[in-house]
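Asker: Counting along the first sequence from 1, when you hit position 77 you're at 76 in numbering that gives the first Met the number 0, and nothing is skipped either side. Even for Gly, the Cβ is constructed at its ideal location relative to N, Cα and C.
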Amino acid sequence: MERYNFKTIEEKWQKFWDLNKTFKTQRNINKKKFYCLEMFPYPSGKIHMGHVRNYTIGDVLSRFKTLKGFNVLHPMGWDSFGMPAENAAKQNNQDPRTWTENNIKTMKNQLKQLGLSIDWDREISTCSEDYYKHQQKFFIEMFNKGLVYKKENYVNWDPVDETVLANEQVIDGKGWRSGAVVERKKLSQWFFNISKFADELQNELDNLDGWPNKVKTMQQNWIGKSFGCEIEFEVIGDSKIDKIKCFTTRPDTLFGFSFLALSIDHPVSKLYENDQNFLEFKEKCSKTGTTEESIANAEKIGFKTKLKAKNPFDEKQTVPVYFANFVLMDYGFGAVFGCPAHDQRDFDFAKKYNLNIKTVVKPINEKDSFKVTDEAYSGQGTIINSKFLSGLKAPGESVIETIKILEEKKIGRKKINFRLKDWGVSRQRYWGCPIPIVYDEKGSYKAIPEKYLPVKLPENINLNIKGNPLSSVDKWCKIEIDGKSYFKETDTLDTFVDSSWYFLRFCSPKNEIEPFNLDDVKYWMPVDQYIGGVEHAILHLLYSRFFMRAIGYQNDNFNLKEPFKGLFTQGMVCHETYKDKDNKWRNPDEVETADGKNYFLKSDDSHKILVGPSESMSKSKKNTIDPEKMINHYGADSVRLFILSDSPPEKDVQWSDQGMLASYKFVQKLYLLNEKMLKLIEKEKKEDSLKLSKFINQYLNKIEKNLANFNYNVIIANIHEAYSFFYKLSNDEINFTNLKNDYSKFLITIMPVMPHLASECLERLNMDSKSWPNLNKKYLIEENVTIVVQFNGKKRGTIEAIKNVSEQNLIKDIQNSKLFDKFLKENKIKKYFYVKDRLINILI
RNA sequence: GCCCUCGUGGUGAAAUUGGUAGACACAAAGGACUUAAAAUCCUUGCCCUUUUGGGAGUGCCAGUUCGAGUCUGGCCGAGGGCACCA
0 MERYNFKTIE
10 EKWQKFWDLN
20 KTFKTQRNIN
30 KKKFYCLEMF
40 PYPSGKIHMG
50 HVRNYTIGDV
60 LSRFKTLKGF
70 NVLHPMGWDS
80 FGMPAENAAK
90 QNNQDPRTWT
100 ENNIKTMKNQ
110 LKQLGLSIDW
120 DREISTCSED
130 YYKHQQKFFI
140 EMFNKGLVYK
150 KENYVNWDPV
160 DETVLANEQV
170 IDGKGWRSGA
180 VVERKKLSQW
190 FFNISKFADE
200 LQNELDNLDG
210 WPNKVKTMQQ
220 NWIGKSFGCE
230 IEFEVIGDSK
240 IDKIKCFTTR
250 PDTLFGFSFL
260 ALSIDHPVSK
270 LYENDQNFLE
280 FKEKCSKTGT
290 TEESIANAEK
300 IGFKTKLKAK
310 NPFDEKQTVP
320 VYFANFVLMD
330 YGFGAVFGCP
340 AHDQRDFDFA
350 KKYNLNIKTV
360 VKPINEKDSF
370 KVTDEAYSGQ
380 GTIINSKFLS
390 GLKAPGESVI
400 ETIKILEEKK
410 IGRKKINFRL
420 KDWGVSRQRY
430 WGCPIPIVYD
440 EKGSYKAIPE
450 KYLPVKLPEN
460 INLNIKGNPL
470 SSVDKWCKIE
480 IDGKSYFKET
490 DTLDTFVDSS
500 WYFLRFCSPK
510 NEIEPFNLDD
520 VKYWMPVDQY
530 IGGVEHAILH
540 LLYSRFFMRA
550 IGYQNDNFNL
560 KEPFKGLFTQ
570 GMVCHETYKD
580 KDNKWRNPDE
590 VETADGKNYF
600 LKSDDSHKIL
610 VGPSESMSKS
620 KKNTIDPEKM
630 INHYGADSVR
640 LFILSDSPPE
650 KDVQWSDQGM
660 LASYKFVQKL
670 YLLNEKMLKL
680 IEKEKKEDSL
690 KLSKFINQYL
700 NKIEKNLANF
710 NYNVIIANIH
720 EAYSFFYKLS
730 NDEINFTNLK
740 NDYSKFLITI
750 MPVMPHLASE
760 CLERLNMDSK
770 SWPNLNKKYL
780 IEENVTIVVQ
790 FNGKKRGTIE
800 AIKNVSEQNL
810 IKDIQNSKLF
820 DKFLKENKIK
830 KYFYVKDRLI
840 NILI
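#1: Classify Ser79 as helix, strand or coil using the three-state DSSP reduction.
#2: Alpha carbon to alpha carbon, how far is Asn775 from Glu683? Give it in angstroms, no decimals.
#3: Indicate whether Tyr34 and Asp527 have their beta-carbon atoms separated by less than 7 Å.
#4: So what does DSSP say about Pro612, is it helix, strand or coil?
#5: So for Cys245, helix, strand or coil by DSSP?
#6: Relative to the C-alpha of Lys195, which residue among Gln379, Phe246, Lys420 and Ile300 is closest?
#7: Identify the continuous beta strand (DSSP E) that holds Ile356 and give its terminal residues.
#8: Following the continuous alpha helix (DSSP H) through Leu643, name the residue where it begins and the one where it ends.
#9: I'd like to know if the stretch 182-190 and the stretch 147-158 are in contact, where contact means that at least 3 CB-CB pairs between them fall below 8 Å.
#10: One question on the structure: do Arg344 and Gly223 come within less than 7 Å of each other, judged by their Cβ atoms?
#11: Does the Cβ of Cys284 lie closer than 6 Å to at least one heavy atom of the ligand NAP?
#12: According to DSSP, Arg412 sits in a beta bridge with which residue or residues?
#13: How far does the alpha helix (DSSP H) with Asn808 in it reach, from first residue to last?
#14: Apply the 10 Å Cβ neighbour rule to Glu291 and answer buried if 16 or more other Cβ atoms are within range, or exposed otherwise.
#15: Going by beta-carbon coordinates alone, are Glu229 and Lys414 separated by less than 7 Å?
#16: Less than 7 Å separating the beta-carbons of Phe641 and Met659?
#17: Could you have a look at Phe142 and say whether DSSP puts it in helix, strand or coil?
#18: Under 6 Å Cβ to Cβ from Pro508, same chain only, skipping five residues before and after it: list those, please.
#19: For Asn808, count the other beta carbons within 10 Å of its own beta carbon; 16 or more makes it buried, fewer makes it exposed. Which is it?
#20: Just to check my reading of the structure: Ile356 and Ala308 have Cβ atoms closer than 8 Å, yes? What is that Cβ distance to the nearest angstrom?
#21: Check whether the Cβ atoms of Val360 and Ala393 lie closer than 7 Å to each other.
#22: Ends of the beta strand (DSSP E) at Asn554?
#23: For Val752, tell me which candidate among Leu204, Asn4, Ile300 and Thr55 has the shortest Cα-Cα distance.
#24: Are the beta-carbon atoms of Leu738 and Ile680 separated by less than 7 Å?
#25: Taking only three categories from DSSP, how would you classify Pro453?
#26: Is the Cβ-Cβ distance between Lys786 and Ile749 less than 7 Å?
#27: For the alpha helix (DSSP H) containing Glu37, list its first residue and its last residue.
#28: Since Pro754 contacts Gly114 with CB under 8 Å, what's their CB separation in whole angstroms?
#29: Note down the Cα distance separating Glu686 from Ile733, rounded to an integer number of angstroms.
#30: With respect to the beta strand (DSSP E) encompassing Val318, which residues constitute its N-terminal and C-terminal limits?
#31: State the Cα-Cα distance for the pair Lys104 and Arg837, rounded to the nearest angstrom.
#32: Which whole runs of the beta strand (DSSP E) in the stretch 440-513 are 3 residues long or more, in chain order?
#33: Taking DSSP as the reference, what is the three-state secondary structure of Gln135?
#34: To the nearest angstrom, how far is it from the Cα of Val804 to the Cα of Asn840?
#35: What number of angstroms, rounded off, separates the C-alpha of Ser688 from the C-alpha of Phe735?
#36: Tell me the DSSP secondary structure of Phe256 in three-state form.
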């Protein structure tokens with residue numbers, strides 16, 4: 000029998016799909032839509048296994064939904080602005096656009112080889128002018144609505160590369176490229192006012208039923224809503240300062256007040272701008288590392304001012320005012336009221352500077368004489384030593400009561416604070432969307448009028464210079480608007496902006512005039528299922544949610560708030576890591592093993608290789624498997640099958656050569672089965688189909704449930720079971736009246752996973768492959784059941800019975816059966832518990 | 001430090017949501033076919049027993065229940081997120 004030649008057959012079907020535009024989608028009001036979207040890739044060169052997994056999962060869903068009769072939108076595009084293009088360009092002296100477009104060509108080809116059901120007519124690329132010109136309009140719209148502003152902000156500044164670094168580009172306080180110690184520098188930057196929507200972004204998370212809880216809690220923590228109040232403290236000691244505002248969540252501990260701590264950037268620092276000691280202190284603060292842990296673990300230090308703050312509940316009490324390194328300027332008001340007994344940071348600070356520690360909350364089971372000694376107590380309890388607040392339950396009741404009193408006395412009021420900060424979108428880079436703003440010679444800025452848009456990126460520029468590349472192109476920077484000359488903004492937009500609305504663009508990708516057509520968006524949006532890595536749980540997903548609200552702000556035509564109805568975060572693809580004698584990483588291709596334990600270098604079989612733990616595939620650790628090689632060697636269907644087989648899609652999966660090979664063999668076996676089935680179906684002699692109908696319907700029931708719940712590893716198991724069933728038939732040459740029909744139902748169910756093979760088999764059977772088979776529930780009902788028999792909770796056997804057997808009859812059958820003699824002979828049935836048609840537990 | 005998730009054979013994992021633990025696969029061992037190998041197929045899978053059987057068993061310790069991988073409390077371990085957020 001002929002082997003399955005995946006090369007010619009996969010090519011055949013891919014060509015067929017291309018020529019027939021099988022996956023082309025159009026708006027159709029009469030059909031129910033389904034928008035399936037995977038996070039679009041950055042065109043870095045070649046696709047990796049992570050892409051294979053991501054897009055296979057999405058493709059299984061798309062194809063399943065199409066078969067189920069939905070009008071499915073399944074597009075693909077390129078997140079094609081970004082640093083790697085610029086870096087590659089510098090290294091190879093190549094234009095970022097050429098580099099990017101070449102990569103896109105390669106990767107598109109690779110994706111096509113995977114047999115994905117994508118409507119390629121909707122392909123978009125964020126670095127094309129067609130795309131970013133619309134983004135510039137969004138920017139101006141937001142600018143006009145006051146959702147964009149410019150402010151001075153601290154950034155990570157790399158003094159060697161003369162550029163701003165993102166937090167993740169700072170490694171141990173050094174720039175990831177230059178290795179230079181990163182400085183904190185104040186720069187004027189563009190911001191999106193995302194914090195304006197903080198409250199609704201947080202609250203409306205609750206409506207996202209289709210999102211994993213994990214992602215929702217991550218966003219919740221990120222937004223960080225906290226309830227408390229602001230308090231104005233009266234300050235004495237300098238005539239220029241009479242009040243300092245603080246935010247606190249624990250106003251109820253005000254009687255434990257022992258100092259006031261200010262950020263070094265607090266306006267009060269103006270008083271000390273010429274004080275040498277203060278400047279030294281400030282210098283010391285900026286030196287305590289830039290990594291997050293080092294900041295968190297740094298010793299708490301302070302600088303005592305001449306100021307004193309009054310306790311609003313006790314005018315006689317005054318406390319010292321310090322500058323302290325642990326107070327952040329951009330949260331609250333950059334000032335903290337210190338209550339050492341009930342806040343660990345304040346406690347550490349008070350110990351260091353010998354400040355008063357007064358206990359004002361006691362745990363519920365403690366006496367009133369309870370005193371904080373070794374560490375702060377921040378748990379629940381009762382207020383003590385606090386005059387009119389004493390006896391209240393803390394923190395709940397006591398906080399609300401205290402705020403009420405502060406509001407009456409007009410020294411404070413209720414306030415909700417958020418951790419979320421505005422989104423800085425300025426990047427000092429070339430390869431991004433230009434910001435459509437101009438400056439006059441005085442430095443005041445305005446949006447570029449529509450008729451001068453879009454602002455196009457200049458081509459052929461020299462990137463091998465320090466600093467912002469665009470500002471070095473004098474000709475480009477100058478622009479004349481209505482006869483007046485201006486300078487263009489030379490920063491470009493963060494690439495997260497590009498990906499904050501691309502899913503809208505897919506709805507009308509060819510629209511020249513508008514970013515999208517409203518009717519298209521109304522039909523297709525929201526994305527029904529969004530699929531991608533959990534690493535985007537916060538930023539990308541939050542920014543996209545913000546962007547929808549920003550478009551809809553002061554715009555009654557657009558009321559889409561949540562872009563992604565369903566979200567699925569897939570796990571990573573992992574592989575063992577290999578190191579050679581010189582402690583260098585080695586690719587799996589370079590090593591071999593005879594026994595699965597000892598590994599050696601292929602090129603030198605005496606060179607032992609150290610095997611490390613399995614980790615997510617990465618270029619830096621060289622533990623990658625090239626998808627293209629696998630596709631060429633085993634075929635797309637086999638690779639798709641393997642990537643789904645071993646683990647649930649939300650968990651990490653281990654790459655395994657044996658597993659890959661097994662999947663390949665299974666594809667071969669399915670094809671051979673099909674050939675045998677073809678012959679079997681031709682046979683004259685036929686048997687009654689009841690057994691077959693039962694099997695196929697039970698199978699359909701299982702696989703459909705598992706498909707709907709993303710249990711894709713289990714559907715592979717279901718397919719294996721069905722294979723075994725049909726294999727046995729073909730081996731025993733048992734033909735059924737309905738065999739052709741029911742068998743082709745099985746073939747349709749494997750279509751989402753192995754589309755080429757399924758299409759080919761169905762074609763050879765001369766059967767239609769357009770719709771998912773209907774389930775006939777009648778065959779799910781079994782008239783005979785196997786009931787588990789337990790004595791005292793232990794399984795002792797099973798018994799056959801007809802469905803819906805009465806308890807009395809079942810007991811009678813058990814008593815009559817010799818199997819259970821030894822349990823029933825000398826014992827009486829005391830009691831029993833019966834789970835209908837499934838199990839009986841008899842107590843003796 | 002705070003928050004979240006997860007602990008099931010040699011391995012990846014299933015388990016109708018409280019009812020037969022280990023489906024399906026990988027690896028291993030044994031067998032069939034073969035001159036042989038590859039491929040393919042079958043069997044086994046922890047402990048006691050030659051078998052029939054029986055026992056233990058889902059990280060550990062308790063609890064609820066006729067019955068717990070599943071529910072509750074405590075502990076141990078792994079992974080992830082946030083991190084001086086007042």
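Answerer: In short:
#1: coil
#2: 26 Å
#3: yes
#4: strand
#5: strand
#6: Lys420
#7: That residue, Ile356, is in no beta strand (DSSP E); it is neither H nor E in DSSP.
#8: Ala635 to Ser644
#9: Below 8 Å, enough C-beta pairs join the stretch 182-190 and the stretch 147-158 to call them touching: three or more.
#10: No, the pair does not count as a contact, with Cβ atoms beyond the cut-off.
#11: Ligands are entirely absent from the displayed structure, and the ligand NAP is therefore not among its contents.
#12: Glu229
#13: Glu806 to Asn815
#14: The predicted model places Glu291 with a pLDDT of 47, which falls under 50 and marks its position as unreliable; any figure quoted below should be read in that light. Exposed, since its Cβ has fewer than 16 Cβ neighbours within 10 Å.
#15: Yes, they are a contact pair.
#16: yes
#17: helix
#18: Here the set comprises Arg121 and Ile123.
#19: exposed
#20: No, Ile356 and Ala308 are not in contact; Cβ-Cβ is about 17 Å, not under 8 Å.
#21: Between Val360 and Ala393, the CB-CB gap stays under 7 Å.
#22: Unbroken run through Asn554: none, as it is neither H nor E.
#23: Thr55
#24: yes
#25: coil
#26: The sequence shown places Ile at residue 786, rather than the Lys named in the question. Their beta carbons are not under 7 Å apart, which means Ile786 does not touch Ile749 by this criterion.
#27: In this chain, Glu37 is not harboured by any alpha helix (DSSP H); it is covered by the beta strand (DSSP E) spanning Lys32 to Glu37.
#28: 5 Å
#29: 7 Å
#30: Asp313 to Ala323
#31: 58 Å
#32: 444-446, 477-480 and 483-487
#33: helix
#34: 15 Å
#35: 5 Å
#36: Coil.
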